[in-house]
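Numbering (my numbering), first residue to last: 131 to 352.
Here you go:
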């Protein structure tokens, strides 16, 4: 409900989504009712723009007390994104292995699949479905690492051997893989791309932007 004078029409935009927002046009009668069933943003703003009979416009906004359906697992430690989480956080026993040029992480149970994340030291990352299973070779005995380094095995090794760019960028493993508890959560998407958050126990929170292919980047958050 609003009050004004000299207006020809009004437009109300609901900030529950920024791409293709819910929009309602109305005459200047001062009352409009509409329904919104979900929000991609915590406490979205509703803005009303009035256009004058003789030109010009005025805008006012109100903030709705409407939290996200889920909370980020790191809320309170770093600033939470404006966009809501897509789901609740996943806490899962995983594995990771450091390399000369980055790190590999095995994270099971994401969207029905087990995934291997490859984070390179240059700030890019890739993601591969883990297709290793019992009965496949654990390693390549003809591949001998230099002294002090290791050849990755099992799922890590399969990706490392079959993906030339992974092997070239990571080089050799500096130690064996280790079990680790990893927290994972995905941010809701409004457009092509995506944002993922990963945190291994005792390590910094990592934000990954992209789909895990060309142009995907990652950063460590304080």
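Where is the CB? At the ideal position from N, CA and C, for every residue including glycine. What you are looking at is a predicted structure, and each value in this text was computed from that prediction instead of being measured.
When C-alpha distances from residue 326 are compared across 296, 220 and 138, the shortest belongs to 220. Between the region 278 to 289 and the region 311 to 328 there are fewer than three inter-stretch CB-CB distances shorter than 8 Å, so the stretches are not counted as touching. Between the region 193 to 210 and the region 248 to 261 there are fewer than three C-beta pairs closer than 8 Å, too few to call the two in contact.
Close CB contacts of residue 216 within its chain, under the 6 Å cut and outside five residues either way in sequence, are with 316 and 318 (chain order). Contact annotation: residue 300 and residue 223 have beta-carbon atoms that are not nearer than 8 Å. Our two residues, residue 350 and residue 218, have alpha carbons roughly 21 Å apart in a direct line. For residue 270, the CB contacts under 8 Å within the same chain, skipping 5 residues up- and downstream, are 281, 287 and 291 in chain order. The three-state reading of DSSP puts residue 147 in coil, since its state is none of H, G, I, E or B. Taken through DSSP and simplified to helix, strand or coil, residue 327 comes out as strand. Beta-bridge annotation (DSSP): residue 303 is paired with 229 and 280. Residue 185 sits in coil when the DSSP states are folded into three classes, being neither helix nor strand. Shown here for residue 176: same chain residues with a beta carbon closer than 6 Å to its own, the five before and five after excluded, namely 144 and 192 in chain order. Pairing residue 227 with residue 307 gives a Cβ-Cβ distance under 8 Å.
Burial check for residue 313: the Cβ neighbour count within 10 Å reaches 16 or more, so the residue is buried. Residue burial is scored here from C-beta neighbours: residue 169 has at least 16 other C-beta atoms within 10 angstroms and is therefore classed as buried. Straight-line measurement puts the Cα of residue 309 at about 26 Å from the Cα of residue 343.
A Cβ-Cβ distance of about 6 Å is found for the pair residue 303 and residue 279, placing them in contact under the 8 Å criterion. Around the beta carbon of residue 232, 16 or more other beta carbons lie within 10 angstroms, which makes this residue buried. Setting aside the 5 residues that flank it on each side, residue 182 is surrounded in the same chain by 136, 137 and 138, each with a C-beta closer than 7 Å to its C-beta; the list follows chain order. Nearest Cα to residue 171 within the set 196, 186, 179 and 235: 196. Here the alpha carbons of residue 311 and residue 201 stand approximately 19 Å from one another.
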